[in-house]
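Worksheet: the structure to be examined is printed underneath.
Numbering (this note's numbering), first residue to last: 115 to 187.
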C-alpha cells in the first residue's frame, strides 16, 4: 500500500533540489532526467503493487486538468 504520509524532514529542500536538478536543461533533457529519476526511485521502492498505485494516483485527474487548462486559453 502506498504511504502518502509526509516523510521528508525538509520538503522545501527537496523541492529546491528537484528544481536545481533541472536548471539549465532544455525540455528534452529535463524529461530525460525525470525519467531516469523515476526509474532509480522505482528500483529503490521495488514493490510493483506500490508502483502501480503511485502511477494510478499520479495519473488521476491529469487529462481533466489538461482539458480544463486548454479550454480556458
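Note that beta-carbon positions come from the ideal geometry of N, C-alpha and C, so glycine has one too.
Please read all numbers here as calculations on a predicted model, not as lab measurements.
Notebook entry, point to check: On the premise that residue 135 lies in contact with residue 147, defined as a C-beta separation below 8 angstroms, what is that separation, rounded to the nearest angstrom?
Noted result: 6 angstroms
Check whether the Cβ of residue 153 lies closer than 7 angstroms to any heavy atom of the ligand MG, and answer yes or no. This structure simply doesn't include the ligand MG, nor any ligand for that matter.
**Q.** Coarse secondary structure for residue 173, derived from DSSP in three states
**A.** helix
query = Where does residue 131 sit, in a helix, a strand or coil, going by DSSP?
reply = helix
#### Entry: Where the alpha helix (DSSP H) through residue 142 begins and ends
141-159
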